[in-house]
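Taken in sequence, the protein lines are chains A and B. Adding 39 to a residue's 1-based position in the first sequence gives its number in our numbering. Adding 39 to a residue's 1-based position in the second sequence gives its number in our numbering. Virtual Cβ for every residue (Gly too), placed ideally from N, Cα, C. From a predicted model like this one, the values you see are computed outputs, not experimental measurements.
There are 2 protein chains.
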Amino acid sequence: MVKIENSKKTIMNLAEELLQDRGFNGFSYADIAGQLGVKNAAIHYHFPSKEELGIAVIRRYRERFKLWVNNSRIKDLSYPEKLDWFFNIYSDFRVNNGKVCLVGALEVEFNSIPEGLRKEVESLNKETLVWLEALLEDGREAGAFQFKGTSASKAAVIYSSVQGALQMARALGTKKFREVVEQNKQDVLV
Amino acid sequence: MVKIENSKKTIMNLAEELLQDRGFNGFSYADIAGQLGVKNAAIHYHFPSKEELGIAVIRRYRERFKLWVNNSRIKDLSYPEKLDWFFNIYSDFRVNNGKVCLVGALEVEFNSIPEGLRKEVESLNKETLVWLEALLEDGREAGAFQFKGTSASKAAVIYSSVQGALQMARALGTKKFREVVEQNKQDVLV
DNA sequence: CATTTTACTTACTAAGTAGTAAGTTTGTCA
DNA sequence: TGACAAACTTACTACTTAGTAAGTAAAATG
Chain A
40 MVKIENSKKT
50 IMNLAEELLQ
60 DRGFNGFSYA
70 DIAGQLGVKN
80 AAIHYHFPSK
90 EELGIAVIRR
100 YRERFKLWVN
110 NSRIKDLSYP
120 EKLDWFFNIY
130 SDFRVNNGKV
140 CLVGALEVEF
150 NSIPEGLRKE
160 VESLNKETLV
170 WLEALLEDGR
180 EAGAFQFKGT
190 SASKAAVIYS
200 SVQGALQMAR
210 ALGTKKFREV
220 VEQNKQDVLV
Chain B
40 MVKIENSKKT
50 IMNLAEELLQ
60 DRGFNGFSYA
70 DIAGQLGVKN
80 AAIHYHFPSK
90 EELGIAVIRR
100 YRERFKLWVN
110 NSRIKDLSYP
120 EKLDWFFNIY
130 SDFRVNNGKV
140 CLVGALEVEF
150 NSIPEGLRKE
160 VESLNKETLV
170 WLEALLEDGR
180 EAGAFQFKGT
190 SASKAAVIYS
200 SVQGALQMAR
210 ALGTKKFREV
220 VEQNKQDVLV
């Protein structure tokens with residue numbers, strides 16, 4: 040018997056990577072078990088269904104995001120620095136094996152994933168937009184940002200473009216992703 | 040024996056819809072055969088492998104785009120009208136059963152689709168960006184558009200954001216997609 | 001030390017996957 | 001009318017999928 044240390048966490052880490060690499064329909068329990076050197080059923084012991092595994096991964100991601108944005112290390116940054124921090128989340132995805140955003144990946148498969156997963160994706164998407172919208176709103180009032188339209192619609196453009204750019208970079212390379220980030224920054228920084 | 044009229048075309052139409060609805064790994068030959076009322080093998084007769092079917096669909100889409108942009112009905116439009124035409128392609132996707140962009144869908148699955156398909160996606164993505172970049176470049180010179188940065192990077196932001204917004208609309212609704220289109224227009228129109 | 005709980009393996013099911021080979025029906029054309 | 005090709009069906013293979021039930025080994029607990 041092969042024992043995994045910190046089983047649940049390790050399985051979720053792998054599932055998260057696979058999700059960002061191939062999407063929900065693109066990986067199987069066998070992929071996870073294989074990489075960990077255990078049998079399929081060992082994964083089912085910790086996460087009876089694939090839906091539960093997916094939900095656990097996104098729920099953890101949501102918690103992580105909540106912790107980050109409420110952490111003083113990020114809360115005390117200037118407005119442009121906060122925006123940079125946001126872009127860097129996705130730059131790290133790109134650099135780290137060409138991952139895409141969890142939200143985008145699961146929304147492409149939205150019509151073929153379980154209900155519970157869809158709800159989690161919706162929540163994560165909303166929470167991210169709410170944070171970004173507040174940043175843009177406050178930053179504009181403080182004179183750090185400038186842009187036309189509402190901060191809600193500008194947040195939607197920025198988030199959706201970063202999401203799309205991570206996907207585009209799969210076909211066109213990292214340079215294309217960086218182009219999108221730099222253009223977005225130019226578009227809002229005073 | 041059930042005969043399909045215009046078999047190849049009908050199969051490609053269905054495959055395109057399924058691709059935009061669930062992605063490449065999200066549909067099977069059985070889905071197509073079932074909807075057409077024929078057997079699996081009938082699909083294999085026209086498209087021996089799933090890769091060939093996928094390639095055929097994207098190649099046809101590329102041809103269609105080429106024909107459109109070279110058609111006088113679009114070529115003779117004003118710069119803002121051309122931009123509107125571009126956005127309307129994707130608005131139609133959204134309205135028509137919440138489809139997403141072929142490029143985005145296949146780039147999410149990029150690491151788990153056949154080689155030949157990846158090359159087609161890359162080509163379609165490039166061709167779209169080249170057209171949009173030229174529109175922005177010429178429109179800016181003519182005084183119809185204004186934006187910071189290069190027309191290449193602005194084209195990348197617009198295209199990736201529309202791609203991302205179609206996905207986002209799956210979780211957050213059509214309103215969110217429209218928000219992104221309107222914001223993009225405000226960002227470039229003088 | 002005995003018992004129970006945790007974390008796995010073995011062995012399986014039922015369903016779905018792409019793909020193939022051989023046979024059948026139907027329309028076309030010489 | 002006969003031959004042939006096009007467009008299917010039947011019947012199958014080999015493989016992968018999520019998920020389950022029963023058994024085992026090791027660690028924790030009393």
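Residues near residue i by beta carbon distance below 8 Å, same chain, minus five either side
i, result
"Arg232/A", "It is not possible to answer for residue 232/A, since the shown part of chain A is limited to 40 through 229."
"Phe186/B", "Leu175, Arg179, Lys193, Asp226, Val227"
"Lys215/A", "Ala204, Met207, Ala208"
"Leu58/B", "Phe66, Gly93, Val96, Leu141, Ala144, Leu145"
"Arg103/B", "none"
"Gly182/A", "Val229"
Burial state of residue i (16 or more Cβ within 10 Å)
i, result
"Met207/A", "buried"
"Ser199/B", "buried"
"Tyr129/B", "buried"
"Glu172/B", "buried"
"Ala69/B", "exposed"
"Arg112/B", "exposed"
"Ser190/B", "buried"
"Lys114/A", "exposed"
"Glu44/B", "exposed"
"Asp60/B", "buried"
"Arg133/A", "buried"
"Lys121/A", "buried"
"Leu116/B", "exposed"
Residue from the options with nearest C-alpha to residue i
i, options, result
"Gln202/B", "Phe149/B, Asp177/B, Arg157/B, Val142/B", "Val142/B"
"Gly178/A", "Lys224/A, Arg98/A, Trp107/A, Thr49/A", "Lys224/A"
"Gly93/A", "Gly76/A, Ile113/A, Leu106/A, Asn64/A", "Asn64/A"
"Glu176/A", "Ala194/A, Ser162/A, Val160/A, Glu159/A", "Ala194/A"
"Leu75/B", "Glu120/B, Ala183/B, Lys42/B, Phe126/B", "Lys42/B"
"Gln222/A", "Lys158/A, Val134/A, Asp123/A, Gly182/A", "Asp123/A"
"Glu55/A", "Ala95/A, Ala69/A, Lys114/A", "Ala95/A"
"Phe86/B", "Phe125/B, Ser117/B, Lys48/B", "Lys48/B"
"Glu166/B", "Lys114/B, Ser190/B, Arg217/B, Arg101/B", "Arg101/B"
"Phe184/A", "Leu211/A, Pro119/A, Val220/A", "Pro119/A"
"Asn164/B", "Val229/B, Met40/B, Lys105/B, Ser46/B", "Lys105/B"
"Leu168/A", "Glu218/B, Asp131/B, Val196/B", "Glu218/B"
"Val220/B", "Val196/A, Lys158/A, Gly182/A, Asn150/A", "Val196/A"
"Lys158/A", "Leu211/B, Asn110/B, Ser46/B, Tyr84/B", "Leu211/B"
Contact set for residue i: own chain, Cβ-Cβ below 7 Å, skip 5 residues either direction
i, result
"Pro153/A", "Glu90"
"Glu148/B", "Gly62, Phe63, Asn64"
"Leu145/A", "Phe63, Ile152, Leu156, Val160"
"Arg99/A", "Met51"
"Trp170/A", "Val108"
"Ile82/B", "Ile50, Tyr68, Ile71, Ala72"
"Ser162/A", "Arg101"
7 Å Cβ cutoff, residue i in contact with chain A
i, result
"Phe132/B", "no"
"Ser199/B", "yes"
"Ser192/B", "yes"
"Phe149/B", "yes"
"Lys224/B", "no"
"Lys138/B", "no"
"Gly212/B", "no"
"Gln202/B", "yes"
"Lys215/B", "yes"
"Asn164/B", "yes"
"Ala144/B", "yes"
"Gly93/B", "no"
Opening and closing residue of the alpha helix (DSSP H) in which residue i lies
i, result
"Gly62/A", "It is not in any alpha helix (DSSP H) - Gly62/A carries neither H nor E in the DSSP assignment."
"Lys224/A", "213 to 227"
"Pro119/A", "118 to 134"
"Glu91/B", "89 to 109"
"Lys158/A", "154 to 180"
"Asn79/B", "79 to 85"
"Asp70/A", "68 to 75"
"Glu146/A", "141 to 147"
Short CB-CB distance (under 7 Å) between residue i and chain B
i, result
"Met207/A", "yes"
"Ala173/A", "no"
"Asn64/A", "yes"
"Arg61/A", "yes"
"Ala54/A", "no"
"Asn127/A", "no"
"Val230/A", "Lying outside 40 to 229, the shown extent of chain A, residue 230/A is not represented and no answer is given."
"Lys187/A", "yes"
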